[in-house]
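Notes follow the structure.
Numbering (this note's numbering), first residue to last: 84 to 602.
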């Protein structure tokens, strides 16, 4: 297939020929070339800069869908403007029939509207009040003239008029325009041209269209008439109130869900090591620490939720709420690390003071694990069958005497290597079980694998007291998607959640979106 270079010098006819061949790059050039004129025509009909850009985007979307309907590509600019003009008139007709649109004509106070970044809402209102008094015959050329770099030729091409006719209408339009606002109108219209993101927005809309999704801008196009009418019947004030209520409820529910999920993960992170502790004394100590951390975490998370809810109710600044949340997060993590450090020191002391045989852990899970361990301790087995130089099964477990002799120089721990490996140190391709385990599925005190379960686990799917992975669940979860009493990741859910994308928790901090805390 022949490739045609696309540049600013290409004619409309050449570009549209490529567009009819489903060339999106060519259509992006068409949008960039004619967006200002199309938006200007829409503005002339509706009198709202923001709505005019919405209508212009819908007009380009309609042009893409009906690209084969244009028989004379040399009239592309006029065709696009005619489409926008008709869509805008439909919007105005529906608006005038609606009884609840008075509030929509009031100056809006919401930020982040593209046109408002360069032109204030008050200036827009003043400009339209002046332009609205001019007949459309003279108003449209005047708007296009200032949008199109004060080019009579381009206005003439857009309206399919002669340059002399355009000059006459411009002259009459200026005479009709109030002298005291003429300068303001020109400055405002020059600054209201669509921004660089306009083309990207149109092209993004085409991606949705290609997936079979019909998009509708409020009040534009016959295809979207029902949706447009419904959208026009909702005033900005009602939408804002509804959005605030929804956001508040979502934040509270997200906070509660994250808090309980995080507390559950934190409790699991202390409960499992306690159940597998070698002695009753160690188990009881870890259980006390776990209960204390659970109570403190629950109270701290609940207090944070209450503090944030009260701050929002009193309309405190968002930065203040975020500062409180971040401060709480730092203090809470400091508490967690302090508890873990003290608990680790206490466990070392207990193990040095209490021999395992004199106070063996009587918890059901520990008894079951001990029974299984007794069956394997001291066992050495290597299957004769191998695959790629590794035995299918390799079991190497130290004897009980060597593990409990109390010698200052204990014998080296046995290491098992195979497709399935069980040992003090286990390297298994498919499955590894041991004190230190590495494999596709790894289970042990320290577990490293694609799927890992352990006191300290690292893997794609990671579960443990401290879990690190793409998906991590643990007392402390670190990963792409993290769950836990403390959760840190790209997306995080926990009693205390810190994330780049989305955080949900009793205390939630995120760059993009946080529920239950401060973003």
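We put the beta carbon where it would ideally sit given N, CA and C, even for glycine.
Spatial distance of residue i from residue j (CA atoms)
i, j, result
"residue 308", "residue 581", "Any answer about residue 308 is weak, because its pLDDT of 32 lies below 50 and its placement is not dependable; what the coordinates show is given next. The straight-line gap from Cα to Cα measures roughly 43 Å."
"residue 243", "residue 237", "10 Å"
"residue 136", "residue 166", "13 Å"
"residue 106", "residue 138", "23 Å"
"residue 387", "residue 394", "10 Å"
"residue 476", "residue 360", "28 Å"
"residue 414", "residue 549", "19 Å"
"residue 425", "residue 379", "16 Å"
"residue 257", "residue 222", "9 Å"
"residue 272", "residue 229", "6 Å"
"residue 463", "residue 473", "16 Å"
"residue 524", "residue 518", "14 Å"
"residue 168", "residue 397", "46 Å"
"residue 186", "residue 563", "Note that residue 186 scores 47 on pLDDT, short of 50, meaning its location in the model is unreliable; the coordinates nonetheless yield the value given after this. Approximately 45 Å between the Cα atoms of the pair."
"residue 514", "residue 507", "14 Å"
"residue 250", "residue 584", "54 Å"
"residue 145", "residue 255", "34 Å"
"residue 407", "residue 356", "33 Å"
"residue 95", "residue 112", "10 Å"
"residue 147", "residue 97", "16 Å"
"residue 241", "residue 277", "17 Å"
Contact under 9 Å by Cβ, residue i with residue j
i, j, result
"residue 521", "residue 528", "no"
"residue 143", "residue 175", "no"
"residue 555", "residue 538", "no"
"residue 547", "residue 570", "no"
"residue 559", "residue 552", "no"
"residue 534", "residue 505", "no"
"residue 120", "residue 160", "yes"
"residue 163", "residue 117", "yes"
"residue 362", "residue 439", "yes"
"residue 542", "residue 557", "no"
"residue 373", "residue 354", "yes"
"residue 220", "residue 252", "yes"
"residue 411", "residue 383", "yes"
"residue 446", "residue 574", "no"
"residue 375", "residue 442", "no"
Terminal residues of the alpha helix (DSSP H) in which residue i lies
i, result
"residue 252", "246-259"
"residue 226", "219-230"
"residue 95", "95-103"
"residue 205", "204-214"
"residue 241", "235-242"
Unbroken beta strand (DSSP E) run spanning residue i, endpoints
i, result
"residue 465", "463-465"
"residue 477", "476-479"
Contained alpha helix (DSSP H) runs [length at least 4] in the region 114-176, N- to C-terminal order: 132-148
Taking one C-beta from the region 154-168 and one from the region 96-105 each time, how about it: are there three or more such pairs within less than 8 Å? yes
Is it true that the region 366-380 meets the region 422-437, where meeting means three or more beta-carbon pairs spaced less than 8 Å apart? yes
In the region 397-456, which residue ranges form an unbroken beta strand (DSSP E) of at least 3 residues, counting only runs that do not cross its ends? DSSP assignment within the region 397-456 yields no whole beta strand (DSSP E) run of 3 residues or more.
Could you tell me whether the region 120-131 touches the region 213-223, using the rule of 3 or more Cβ pairs below 8 Å? Output reads yes: the region 213-223 touches the region 120-131.
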